[in-house]
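**Student:**
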Amino acid sequence: MLTQQTVNVAYDRAIDGRGLPAGLCYGGDYNPEQWPESVWQEDMALMRTAGVNLVTVGVFAWSSLQPRPDVFELDWLARVLDLLHAHGIGAVLATPTASPPPWFSRLHPDALPMTADGVRLIHGSRDTYCPSAPAYLAAARTICATLVARFRDHPALAMWHVHNEYGAVCHCPHSTAAFRTWLRDRYRTLDALNDAWTTAFWGQGYGDWDEIETPRATRYLANPGQDLDFRRFCSDALLAAYVQQRDLIRAATPDVPVTTNFVFGPWVPVDHARWAKEVDIVAIDDYPSEAGPGADDQTAFAGDLARGWARGRPWLLMESAPNLIHTPGRMHAKEPGRLAVHSLAHVARGSRGVMFFQWRQPRGGAERFHSAVVTHAGADTRVFREVVALGERLRTTVPAVPRHPTAIVFDAHSWWALQGPGLPTAVDYLAEVRAAHKALGAADVVFPGEPVDAYRTVVVPALFLLDDAYAEVLRRHVLRGGTLVVSYLSGVCDAYARVRLGGYPGALRDVLGIRVEEFQPLAAPVELGFPAAAVPETGMFWSERIHLRGAVAEATYLGGSWKGLPAITRHGRAWYLSTRLGPEAYARTMAHIVNTER
Ligand code: GAL
Numbered sequence: 003m004l005t006q007q008t009v010n011v012a013y014d015r016a017i018d019g020r021g022l023p024a025g026l027c028y029g030g031d032y033n034p035e036q037w038p039e040s041v042w043q044e045d046m047a048l049m050r051t052a053g054v055n056l057v058t059v060g061v062f063a064w065s066s067l068q069p070r071p072d073v074f075e076l077d078w079l080a081r082v083l084d085l086l087h088a089h090g091i092g093a094v095l096a097t098p099t100a101s102p103p104p105w106f107s108r109l110h111p112d113a114l115p116m117t118a119d120g121v122r123l124i125h126g127s128r129d130t131y132c133p134s135a136p137a138y139l140a141a142a143r144t145i146c147a148t149l150v151a152r153f154r155d156h157p158a159l160a161m162w163h164v165h166n167e168y169g170a171v172c173h174c175p176h177s178t179a180a181f182r183t184w185l186r187d188r189y190r191t192l193d194a195l196n197d198a199w200t201t202a203f204w205g206q207g208y209g210d211w212d213e214i215e216t217p218r219a220t221r222y223l224a225n226p227g228q229d230l231d232f233r234r235f236c237s238d239a240l241l242a243a244y245v246q247q248r249d250l251i252r253a254a255t256p257d258v259p260v261t262t263n264f265v266f267g268p269w270v271p272v273d274h275a276r277w278a279k280e281v282d283i284v285a286i287d288d289y290p291s292e293a294g295p296g297a298d299d300q301t302a303f304a305g306d307l308a309r310g311w312a313r314g315r316p317w318l319l320m321e322s323a324p325n326l327i328h329t330p331g332r333m334h335a336k337e338p339g340r341l342a343v344h345s346l347a348h349v350a351r352g353s354r355g356v357m358f359f360q361w362r363q364p365r366g367g368a369e370r371f372h373s374a375v376v377t378h379a380g381a382d383t384r385v386f387r388e389v390v391a392l393g394e395r396l397r398t399t400v401p402a403v404p405r406h407p408t409a410i411v412f413d414a415h416s417w418w419a420l421q422g423p424g425l426p427t428a429v430d431y432l433a434e435v436r437a438a439h440k441a442l443g444a445a446d447v448v449f450p451g452e453p454v455d456a457y458r459t460v461v462v463p464a465l466f467l468l469d470d471a472y473a474e475v476l477r478r479h480v481l482r483g484g485t486l487v488v489s490y491l492s493g494v495c496d497a498y499a500r501v502r503l504g505g506y507p508g509a510l511r512d513v514l515g516i517r518v519e520e521f522q523p524l525a526a527p528v529e530l531g532f533p534a535a536a537v538p539e540t541g542m543f544w545s546e547r548i549h550l551r552g553a554v555a556e557a558t559y560l561g562g563s564w565k566g567l568p569a570i571t572r573h574g575r576a577w578y579l580s581t582r583l584g585p586e587a588y589a590r591t592m593a594h595i596v597n598t599e600r
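The numbering used here numbers the first residue of the sequence shown as 3 and each following residue consecutively.
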């Protein structure tokens, strides 16, 4: 359906730096601290067999590297790096700051995180720190600087990996104070904040900055503006924690790329589109939340999204599962053969390699059953053979980064807002974006605030928050002759989650040539009259009462409250979908739109 251009990539120095392998990277997380040294030699031999050329070391090794506040034990890591180098394997050297040791918590109980319910979490898992606590930030700097000083010139050093999967949320007094400072920077005056958060509703007007709390447990619905700003604050607080380490590293080893692994999920308060500008290469962890074809769709979207974050440059699949994946409360398996399918799907979307979590399956610990390359059963396994076969294939695969003529807009802030309190419906933003992506088959991913000039078609699913500037970018795209496809719940609110008045979809009414007067969730599917579709289509989940203001109706509701009224509209090249289509119908509709506008 869509034509795809593939470009060969000239890697730039920022990525290749001193030591990333020249072709595709292949390997994964290696945790030798969990094993006696006698196992390390076997690891090296097996890595050679599998064609591994890069491993990540040290991610959670803080208590092994600094067993007491004033004791550092780096020799074992030096021996690991020497061994890797001797076997021609590069090291992505991690800073272990995602898992502070127990002595740290004992010494600095104020740096332990607090939940929204006011519960102080203790060590015993991982990520038990407050990103705004001075003691945590100082300890993170210390261990980072210690690693840098010792290993900056080590020949195995290929890349730095700061922390692991930034995403921790905290409501403790340090976070509260930092949130207030962040708000003062953003709003300058309390009047501006009160206006942005519409605090006149339910008498929440603030008269002093110190009255403001993080959105902690409260009686009923919280304030949507406060909730949204807190997520933005969390993203910025975590970014500052990353940047302090990155800058320290860069100063010592400017020729070695620095990254952190992005994790993606509804619980992650990180604006990756923004963060991506702070890393030398975008690195993602990808663990589909389901098995079967759904996992293939998720993989495809994750790869296109990563390329979007990388702004069309190569990126790296830093973690993936050879087999069993943890999802909340259970694990699901990757079917035989899918290890290669998913890995190659990422490479085809611009990944500079394939990395697994993890190399050797641990015998204990919380993730002892999460899959690995070398399993509890050893290396005489289907999984290891699949890893070896993939390694051979990757050696002859030429890295390339595709480009598409169609872009999907993805917005972390709209996702957060659609998880906030007091919404017109419970809509899963990610599912909406993935559905649009699946309907297209493949697409580039772009972010609000950035130009879309390179694209023929721009698809905007459920972009709940829309500021005037980006509405103008989309308007100009249509004026220039581009096609725009907007779906329901887009453009409803401004950047503060306040509703745009005068009818939905707010700032896009004119470009779409419509005015939406009312929303109505659909209890049951409604048939659509859609002459352009060869077969009857059905609208599900959502519907809207649309008035045409220049647009034409391409499809109408055949039943329900809006019987005879428009369901899908077109205003020149600007299309609007006011209801949810099933996967086949969505794909047919996208094909129809793209073909119509060619
Ligand atoms: C990743 C994480 C790893 C490991 C893995 C297991 O998100 O970075 O440390 O927990 O998940 O699924």
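Every residue gets a Cβ at the ideal spot worked out from N, C-alpha and C, and that includes glycine.
What would DSSP say about T261, mapped onto helix, strand or coil?
**Tutor:** Note: T261 maps to strand in three-state DSSP.
**Student:** In terms of residue numbering, what span does the alpha helix (DSSP H) encompassing T383 cover?
**Tutor:** First-last for T383: undefined, no H or E at that position.
**Student:** M333 lies in the beta strand (DSSP E); which residues open and close that run?
**Tutor:** Start and end: 332 to 334.
**Student:** Just to confirm my understanding: we take L123, look at its own chain, exclude 5 residues before and 5 after, and list those with CB closer than 8 angstroms. What are they?
**Tutor:** Hits under 8 angstroms: L114, P115, M116, T117, T130.
**Student:** In whole angstroms, what is the alpha-carbon distance linking A471 and E452?
**Tutor:** Computed Cα separation, rounded: 10 angstroms.
**Student:** Please classify A12: is it buried, with 16 or more other beta-carbons within 10 angstroms of its beta-carbon, or exposed?
**Tutor:** Low confidence applies here, because A12 scores a pLDDT of 37, under 50, leaving its location unreliable; read the following figure in that light. Under this definition A12 is an exposed residue.
**Student:** Return yes when the C-beta of I327 is under 7 angstroms from any heavy atom of the ligand GAL, and no when it is not.
**Tutor:** Because some heavy atom of the ligand GAL lies under 7 angstroms away, the Cβ of I327 counts as near it: yes.
**Student:** Could you say which of A52, N55, S66, C27 lies nearest to W37 if we only look at CA atoms?
**Tutor:** Looking at the Cα atoms, S66 is the closest of the given residues.
**Student:** So what does DSSP say about C172, is it helix, strand or coil?
**Tutor:** Coil.
**Student:** Rounded to the nearest angstrom, how far is the Cβ of A239 from that of H165, given a contact under 8 angstroms?
**Tutor:** Rounded, the Cβ-Cβ distance is 13 angstroms, inconsistent with contact.
**Student:** Looking at C-alpha atoms only, which residue of D210, L139, G305 is the closest neighbour of S177?
**Tutor:** For the residues D210, L139, G305, the minimum Cα distance to S177 belongs to L139.
**Student:** One question on the structure: do L491 and V429 come within less than 8 angstroms of each other, judged by their Cβ atoms?
**Tutor:** Yes.
**Student:** Please determine if the stretch 144 to 155 and the stretch 55 to 71 are in contact, where contact requires at least 3 C-beta pairs separated by less than 8 angstroms.
**Tutor:** Yes, since at least three Cβ pairs between the stretch 144 to 155 and the stretch 55 to 71 fall closer than 8 angstroms, the two stretches touch.
**Student:** Would T216 and F203 qualify as a contact pair, given that the criterion is a beta-carbon distance under 8 angstroms?
**Tutor:** Against a cut-off of 8 angstroms, the Cβ pair of F203 and T216 comes out as no contact.
**Student:** Would you mind working out which of L241, V245, C236, A198 sits nearest N225, comparing C-alpha positions?
**Tutor:** Here the closest residue by C-alpha is A198.
**Student:** Provide the residue(s) that pair with D288 in DSSP beta bridges, ordered along the chain.
**Tutor:** According to DSSP, which records beta bridges pairwise, D288 is partnered with S322.
**Student:** I'd like to know whether the C-beta atoms of P507 and G484 end up nearer to each other than 8 angstroms.
**Tutor:** No, Cβ-Cβ distance for P507 and G484 is not below 8 angstroms.
**Student:** How would you write the range of the alpha helix (DSSP H) that I145 sits in, first residue to last?
**Tutor:** Where I145 is concerned, the enclosing alpha helix (DSSP H) stretches over 136 to 153.
**Student:** Output needed for A414: all residues of its chain with C-beta closer than 6 angstroms, excluding positions within five of it in sequence on either side, in chain order.
**Tutor:** For A414, where only same-chain residues beyond five positions count, the Cβ hits under 6 angstroms are D273.
**Student:** What three-state label does DSSP hand V537 in the structure shown?
**Tutor:** Of the three classes helix, strand and coil, the one that applies to V537 here is coil, per DSSP.
**Student:** Just tell me which of A253, V528, G60 has its CA closest to the CA of P568.
**Tutor:** Considering only alpha carbons, the answer is V528.
**Student:** Which residue wins for smallest C-alpha separation from S580, given the options H594, A553, G541?
**Tutor:** Checked all of H594, A553, G541; the closest Cα to S580 is G541.
**Student:** So, for A243: in the same chain, excluding its five sequence neighbours on each side, which residues have a beta-carbon less than 6 angstroms away from its beta-carbon?
**Tutor:** For A243, where only same-chain residues beyond five positions count, the Cβ hits under 6 angstroms are P133.
**Student:** Note down the Cα distance separating L4 from Y32, rounded to an integer number of angstroms.
**Tutor:** Residue confidence is low: L4 scores 35 on pLDDT, short of 50, so the model does not pin down where it sits. No coordinate-derived value is stated.
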